[in-house]
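Adding 4 to a residue's 1-based position in the sequence shown gives its number in our numbering.
Idealized CB from N, CA, C, for every residue including glycine.
These numbers were taken from a predicted model, which means no experiment stands behind them.
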Amino acid sequence: MGLDVLLLADSTSRWAQALREMSGRLEEIPGEEAFPAYLESVIAAFYERAGIVVLNDGTLGSVTIGGTVSPAGGDFEEPVTQSTLKVVGAFHGLSRARSDARRYPAIDPLDSWSKYPSIVPTDQLEQAKRILRQGHEVQEMMKVVEEAGTSMDDFLIYLKAEYLDAVYLQQDAYDEVDGATSAERQKHVFNVMNTILSSDLEFGEKDAARRFFHSLTQVTRDWNRVPMDTEEFKLTEGRIHEMLAEVARHA
5 MGLDVLLLAD
15 STSRWAQALR
25 EMSGRLEEIP
35 GEEAFPAYLE
45 SVIAAFYERA
55 GIVVLNDGTL
65 GSVTIGGTVS
75 PAGGDFEEPV
85 TQSTLKVVGA
95 FHGLSRARSD
105 ARRYPAIDPL
115 DSWSKYPSIV
125 PTDQLEQAKR
135 ILRQGHEVQE
145 MMKVVEEAGT
155 SMDDFLIYLK
165 AEYLDAVYLQ
175 QDAYDEVDGA
185 TSAERQKHVF
195 NVMNTILSSD
205 LEFGEKDAAR
215 RFFHSLTQVT
225 RDWNRVPMDT
235 EEFKLTEGRI
245 HEMLAEVARH
255 A
């Protein structure tokens with residue numbers, strides 16, 4: 005009988021620190037930051053235990069490993085983090101800034117990555133990542149020149165990035181629907197997000213743009229809490245498309 009096993013390791017940093025203590029007592033030649041020189045190979049050997057295997061009876065079994073690394077001071081350049089990043093298939097970087105801003109889950113979309121195939125089209129994913137990155141750059145720029153010194157085009161990119169973050173990257177863990185979303189729903193919702201992100205919007209002033217995205221965010225958040233196989237889900241999605249049509253630039 006094949007089983008799918010999930011192994012959660014919290015925290016591999018503590019394990020690596022124990023290896024450093026043992027290595028020091030054994031008077032082994034130290035590596036970077038006094039960790040043993042073989043740290044990278046030991047970490048790789050642990051994560052390489054994950055995978056899928058075909059058993060003798062033809063069934064499949066799998067082991068998935070989810071490990072956490074706790075770098076001192078949040079330094080991602082320290083040896084344990086770097087050795088881990090070389091062998092894992094995905095990385096979710098937690099952000100203190102997102103946590104302080106109450107943006108949960110506090111996973112930084114700009115620092116995080118995955119080598120696994122995406123459930124959404126690659127071109128849509130790349131566009132979303134580009135808008136998030138550009139939106140962050142505009143946000144940093146506005147800290148210097150303020151909103152008044154920002155062009156309307158840059159301001160709209162910032163608002164789109166904030167919208168995507170608020171309604172797709174963030175989740176309400178206390179809501180039965182939004183707390184655990186199926187892959188089918190994720191793909192459907194992301195397709196709607198892509199339509200909004202790729203739309204050319206027209207506003208007379210920045211306040212109007214801000215009010216629009218504020219209203220759109222509220223409607224979409226309500227949509228996230230509605231079961232997919234209901235009439236309310238379809239009606240709310242229709243409302244989102246109607247709101248978009250009202251501000252879309254017509255050629």
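Here's the rule: buried if 16 or more other CB atoms are within 10 angstroms of the residue's CB, otherwise exposed. What is residue i?
i      : result
Thr16  : buried
Val58  : exposed
Ile200 : buried
Ile56  : exposed
Val149 : exposed
Glu39  : What sits at residue 39 in the sequence shown is Phe, not Glu. Classification for Phe39: buried.
Met197 : buried
Pro121 : exposed
Ser27  : buried
Thr102 : Inspection of the sequence shows that residue 102 is occupied by Arg rather than by Thr. Label assigned to Arg102: buried.
Tyr63  : What sits at residue 63 in the sequence shown is Thr, not Tyr. Counting Cβ neighbours within 10 Å, Thr63 comes out exposed, since fewer than 16 surround it.
Phe80  : exposed
Ala132 : buried
Thr234 : exposed
For residue i, which residues from the same chain have a beta carbon less than 7 Å from its beta carbon, with the 5 sequence-adjacent residues on both sides left out?
i      : result
Arg243 : Val223
Glu37  : Glu82, Pro83
Ala255 : Interpretation of Ala255 is limited by its pLDDT of 48, a score under 50 that renders its predicted location unreliable; the figure taken from the coordinates is listed afterwards. For Ala255, where only same-chain residues beyond five positions count, there are no Cβ hits under 7 Å.
Val171 : Thr221, Thr224, Arg225, Asn228
Ser87  : Leu43, Glu44, Ile47
Arg24  : Ala38, Phe39, Pro40
Asp158 : Val142
Taking the DSSP output, what are the residues bridged to residue i?
i      : result
Ser66  : Asp8, Ile56
Gly71  : Ala13
Ala252 : Leu205
Ala94  : Ser118
Pro34  : Pro40
I'd like the list of long-range same chain contacts for residue i, defined as Cβ closer than 6 Å, with 5 residues on each side in sequence excluded.
i      : result
Phe237 : Val230
Phe217 : Leu163, Tyr167
Ser74  : Ser15, Ser17
Phe207 : Ala213
Leu11  : Ile69
Asp115 : Gly97
Trp19  : none
Asp8   : Ser66
Glu13  : Before going on, a small fix: residue 13 reads as Ala here, not Glu. Once the five neighbours on either side are set aside, the close Cβ partners of Ala13 are Gly71.
Val256 : Lying before the first or after the last residue shown, residue 256 is absent from the chain, which here runs from 5 to 255.
In chain order, what residues of the same chain lie with their CB nearer than 8 Å to the CB of residue i, ignoring the 5 residues before and after it?
i      : result
Arg189 : Met232
Thr240 : Val223, Asp226, Trp227, Val230
Check whether the Cβ of residue i lies closer than 8 Å to any Cβ atom in chain C.
i      : result
Arg134 : Although the question refers to chain C, the structure presented lacks it and comprises just one protein chain.
Three or more C-beta pairs under 8 Å: does that hold for the stretch 151 to 169 against the stretch 127 to 138?
yes
Can you list the alpha helix (DSSP H) stretches of 4 or more residues lying completely in the stretch 97 to 129, in chain order?
Taken in chain order, the unbroken stretches of alpha helix (DSSP H) that lie wholly in the stretch 97 to 129 and span 4 residues or more are 100 to 104.
Pairs of beta-carbons, one from the stretch 102 to 111 and one from the stretch 119 to 131, closer than 8 Å: are there three or more?
no
Do the stretch 27 to 45 and the stretch 59 to 70 meet, that is, are 3 or more Cβ pairs less than 8 Å apart?
As far as the Cβ criterion goes, the stretch 27 to 45 does not touch the stretch 59 to 70, which means the pair count is below three.
Give, in chain order, every unbroken run of the beta strand (DSSP E) that is at least 3 residues long and sits entirely within the stretch 154 to 217.
none
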